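*Asks:* In UniProt numbering, the protein residues as written are 1 to 539.
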């Protein structure tokens, strides 16, 4: 084999890398692997025509393939280290080469948000966390990346379900025009615009479920002596979303156990959180039957609910399809995905409720303030609990906002891709076609914007001593969480029920510490057990 063969292999390796720069290969791995191994097979066949034996042809093909792969890899490494448009941004050397660095750093702990905090503490406000990824710690980045006027779009992370806008949920859709039309229907459903009957029905369902939870907590205290607040927060959140979203009560609070489909969803979310830095791996592994088995159970369950439900959030979407509304889900697949997305949002409520109970237990003076504020409100209402007026209790909202500041539901942020011309954020120009993110967990604790950022201080929201432009727990702009108003209603009602009925105490200090330090970033928070004593409140 002469030197020209090796030079050709080197040229092809470098050329293949140059071709890769013209498109994003993340979700084309299977076709690319077929081309790779197909080309290797063709090479063996060609060499066999001139080699004395098939073994010799295989040996020569293996050598040439190794040269090709080495040239490709060397070109890739040199480019990413020295010539990439992000080469001037600080960050770990390994992260410049591959996002697998972040996977390796967080694979066991599932704490990507903590790793991002560590990186920002070391490298500053702009950190290169991958070959074409930048994490940004500036409030000015929020409107630049997420606002209605921003030209940034959702990154390819959202395409791991499908990149076909006709087959994905509102949340996963990447086309801004289609998203704008479909969001109008969701706004009508979740905000109940112009439908006072629906508002009362939603509120009544939440109040009934909160009352059931109070009864179950009392029963468990008599029986077991303590209650896992994290577990019961999850049961409550899933039941409420089942009622509001599908008109179907999962009855988890009533029986004290997770519905099998919800349990499978939580297990599958760990898979998603583990591989979040590398969406191409999610797409590849999710195509394997065993990897997708747990998630499929949840998908099948929600599909059945979508097809069966009447007066609920999904009914607004179904009605839009029947009326041929421009904002309708474009296909039945998209409607099913909306249903799945709707149900999985219960993790936001579950995490926030569990963390609020932790902080109210850890800061008893703040809990007493909340109880007093609720008592004063009830006194003005002559003892009648008007749940719809809870929004007027500023300290209740302050408790929720401070919890969301410290423990935002999506702690690592929502990735976007910059437009081809790039974007300017303060003094820094971020090049085009790179993934950018503002991690809420890190920004919300930055003492430049929130003094004593690690402490639970609800009063800061009452006094207005906050940088609201650095606070975005539900996202920002047109892609912000469509159900945030409903989530606030749910949190006010359940926290008011608990505060009016119970005093709180940690049942296990070690478990409480583990709860607040070992939570997992599985896109949304997944939390360990939180055993609490719920003592009947003595008025």
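Glycine included, C-beta positions come from ideal geometry on N, C-alpha and C.
Predicted model only: the values in this text are computed from it and were never measured.
What are the start and end residues of the beta strand (DSSP E) that includes residue 429?
*Replies:* On the chain shown, position 429 is the one that residue 429 refers to. Run containing residue 429: 428–430, per the beta strand (DSSP E) assignment.
*Asks:* Taking the alpha-carbon positions, what's the residue 396 to residue 494 distance?
*Replies:* Within the chain shown, the letter at position 396 stands for residue 396. Within the chain shown, the letter at position 494 stands for residue 494. The straight-line gap from Cα to Cα measures roughly 11 Å.
*Asks:* Within 10 Å of its beta-carbon, does residue 115 have 16 or more other beta-carbons around it, so buried, or fewer, so exposed?
*Replies:* As a position in the chain shown, residue 115 is number 115, starting the count at 1. Answer is buried; the Cβ neighbour count reaches 16.
*Asks:* Put residue 535 into one of helix, strand or coil per three-state DSSP.
*Replies:* Position 535 of the chain shown, counted from the first residue, corresponds to residue 535. Correct three-state label for residue 535: strand.
*Asks:* Specify the secondary structure class of residue 416 as computed by DSSP and reduced to three states.
*Replies:* Position 416 of the chain shown holds residue 416. Residue 416 falls in the strand class under three-state DSSP.
*Asks:* Starting from residue 6, trace the beta strand (DSSP E) both ways and give me its first and last residue.
*Replies:* In the chain shown, the residue the question calls residue 6 occupies position 6. Taken as a continuous stretch (DSSP letters only), residue 6 belongs to no beta strand (DSSP E), being part of the alpha helix (DSSP H) at 3–20.
*Asks:* Can we count residue 140 as close to the ligand HEM, meaning its CB is less than 8 Å from some heavy atom?
*Replies:* Annotation note on the ligand HEM: not contained in the displayed structure, which lists no ligands.
*Asks:* Round the Cβ separation of residue 72 and residue 17 to the nearest angstrom and send it over; I've been treating them as touching at under 8 Å.
*Replies:* For the purposes of this step, residue 72 is taken as residue 72 along the chain shown, with counting starting at 1. For the purposes of this step, residue 17 is taken as residue 17 along the chain shown, with counting starting at 1. Between residue 17 and residue 72 the Cβ distance is about 5 Å, and since that is below 8 Å, they are a contact.
*Asks:* Output the distance between the C-alpha atoms of residue 372 and residue 506, rounded to the nearest integer angstrom.
*Replies:* Here the question's residue 372 lines up with position 372 in the chain shown. Here the question's residue 506 lines up with position 506 in the chain shown. If I take the Cα positions, the gap works out to 21 Å.
*Asks:* If we ignore side chains and look at the alpha-carbon of each, how far apart do residue 209 and residue 409 end up?
*Replies:* Here the question's residue 209 lines up with position 209 in the chain shown. Here the question's residue 409 lines up with position 409 in the chain shown. Taking the straight line joining both Cα atoms gives about 22 Å.
*Asks:* I need the straight-line Cα distance from residue 533 to residue 120, nearest angstrom please.
*Replies:* The residue given as residue 533 occupies position 533 in the chain shown. The residue given as residue 120 occupies position 120 in the chain shown. Rounded to the nearest angstrom, the two C-alpha atoms are 38 Å apart.
*Asks:* Any contact between the region 138–152 and the region 414–429? By contact I mean 3 or more CB pairs, one from each, below 8 Å.
*Replies:* Result yes; three or more Cβ-Cβ pairs closer than 8 Å.
*Asks:* DSSP three-state label for residue 203, please.
*Replies:* Counting from one through the chain shown, the residue named residue 203 turns up at place 203. DSSP places residue 203 in helix when its eight states are reduced to three.
*Asks:* For the alpha helix (DSSP H) that residue 501 lies in, which residues bound it at each end?
*Replies:* What you label residue 501 is simply residue 501 of the chain shown in a count that begins at 1. Start and end: 484–501.
*Asks:* How big is the Cα-Cα spacing for residue 43 and residue 131?
*Replies:* Taking the chain shown and counting its residues from 1, one reaches residue 43 at position 43. Taking the chain shown and counting its residues from 1, one reaches residue 131 at position 131. Distance between the alpha carbons of residue 43 and residue 131 is about 31 Å.
*Asks:* Could you give the distance in angstroms between the alpha-carbon of residue 388 and the alpha-carbon of residue 374?
*Replies:* Residue mapping note: residue 388 aligns to position 388 of the chain shown, counting from 1. Residue mapping note: residue 374 aligns to position 374 of the chain shown, counting from 1. Using only the alpha carbons, I get a separation of about 13 Å.
*Asks:* Entirely within the region 345–382 and at least 4 residues each: give me those alpha helix (DSSP H) ranges in chain order.
*Replies:* If we require 4 residues or more, the alpha helix (DSSP H) runs fully inside the region 345–382 come out as 346–362 and 364–380.
*Asks:* Quick one: measure Cβ to Cβ for residue 439 and residue 135, integer angstroms, because I've assumed they're closer than 8 Å.
*Replies:* Residue 439 sits at position 439 when you count from the first residue of the chain shown. Residue 135 sits at position 135 when you count from the first residue of the chain shown. Yes, they are in contact, since the Cβ atoms of residue 439 and residue 135 sit about 6 Å apart, within 8 Å.
*Asks:* Output needed for residue 270: all residues of its chain with C-beta closer than 6 Å, excluding positions within five of it in sequence on either side, in chain order.
*Replies:* Counting from one through the chain shown, the residue named residue 270 turns up at place 270. Here the set comprises 522.
*Asks:* Any chance you could list the alpha helix (DSSP H) runs of at least 4 consecutive residues sitting entirely within the region 42–89, in chain order?
*Replies:* Those alpha helix (DSSP H) runs which fall completely within the region 42–89 and span 4+ residues are 54–78.
*Asks:* Span of the beta strand (DSSP E) holding residue 424?
*Replies:* As a first step, residue 424 must be located in the chain shown, where it is residue number 424. From DSSP, the beta strand (DSSP E) with residue 424 extends over 423–425.
*Asks:* To the nearest angstrom, how far is the alpha carbon of residue 431 from that of residue 229?
*Replies:* For the purposes of this step, residue 431 is taken as the residue at position 431 of the chain shown. For the purposes of this step, residue 229 is taken as the residue at position 229 of the chain shown. Each residue's alpha carbon lies about 45 Å from the other.
*Asks:* What distance in whole Å lies between the Cβ atoms of residue 530 and residue 357, which are believed to be in contact at a cut-off of 8 Å?
*Replies:* Here the question's residue 357 lines up with position 357 in the chain shown. Here the question's residue 530 lines up with position 530 in the chain shown. Sure, about 7 Å apart at Cβ, within 8 Å.
*Asks:* How about residue 353 and residue 237: are their beta carbons less than 9 Å apart?
*Replies:* On the chain shown, position 353 is the one that residue 353 refers to. On the chain shown, position 237 is the one that residue 237 refers to. It is a contact, given that the beta carbons lie within the stated cut-off.
*Asks:* Verify whether the separation of the beta carbon atoms of residue 99 and residue 129 is less than 9 Å.
*Replies:* Along the chain shown, one-based indexing puts residue 99 at 99. Along the chain shown, one-based indexing puts residue 129 at 129. Yes.
*Asks:* If you check the beta carbons only, do residue 240 and residue 346 fall under 9 Å apart?
*Replies:* If you number the chain shown from 1, residue 240 lands on position 240. If you number the chain shown from 1, residue 346 lands on position 346. Yes. Within cutoff.
*Asks:* Express the C-alpha separation of residue 496 and residue 443 in angstroms, rounding to a whole number.
*Replies:* Here residue 443 corresponds to residue number 443 of the chain shown, with the count starting at 1. Here residue 496 corresponds to residue number 496 of the chain shown, with the count starting at 1. Whole-angstrom Cα-Cα distance: 29 Å.
*Asks:* Anyone know if the C-beta pair for residue 535 and residue 503 falls short of 9 Å?
*Replies:* If you number the chain shown from 1, residue 535 lands on position 535. If you number the chain shown from 1, residue 503 lands on position 503. Yes.
*Asks:* Comparing alpha-carbon positions, which option in 463, 220 and 475 lies nearest residue 254?
*Replies:* Translated into the one-based positions of the chain shown, residue 254 becomes position 254. Out of 463, 220 and 475, 220 has the C-alpha closest to the C-alpha of residue 254.
*Asks:* Tell me the DSSP secondary structure of residue 110 in three-state form.
*Replies:* As a working note, residue 110 is residue 110 in the chain shown. Coil at residue 110, not helix or strand.
*Asks:* Is residue 156 near residue 277, with beta carbons less than 9 Å apart?
*Replies:* Here residue 156 corresponds to residue number 156 of the chain shown, with the count starting at 1. Here residue 277 corresponds to residue number 277 of the chain shown, with the count starting at 1. No, Cβ-Cβ distance for residue 156 and residue 277 is not below 9 Å.
*Asks:* Alpha carbon to alpha carbon, what distance is there between residue 511 and residue 447?
*Replies:* Stepping through the chain shown from its first residue, residue 447 is reached at position 447. Stepping through the chain shown from its first residue, residue 511 is reached at position 511. Cα to Cα, residue 447 sits roughly 28 Å from residue 511.
*Asks:* For residue 519, count neighbouring Cβ atoms within 10 angstroms of its own Cβ and tell me buried if that reaches 16, exposed if not.
*Replies:* In the chain shown, residue 519 corresponds to position 519, counting from 1. Classification for residue 519: buried.
*Asks:* How would you write the range of the beta strand (DSSP E) that residue 389 sits in, first residue to last?
*Replies:* Taking the chain shown and counting its residues from 1, one reaches residue 389 at position 389. No beta strand (DSSP E) holds residue 389; DSSP gives it neither H nor E.
*Asks:* On the DSSP bridge list, what partners appear for residue 462?
*Replies:* On the chain shown, residue 462 is found 462 positions in, with the first residue counted as 1. BP columns for residue 462 are empty, so no partner.
*Asks:* How close, in whole Å, do the beta carbons of residue 233 and residue 350 come, if the pair is a contact with beta carbons under 8 Å?
*Replies:* In the chain shown, residue 233 corresponds to position 233, counting from 1. In the chain shown, residue 350 corresponds to position 350, counting from 1. That belief holds up - the Cβ atoms of residue 233 and residue 350 are roughly 5 Å apart, short of 8 Å.
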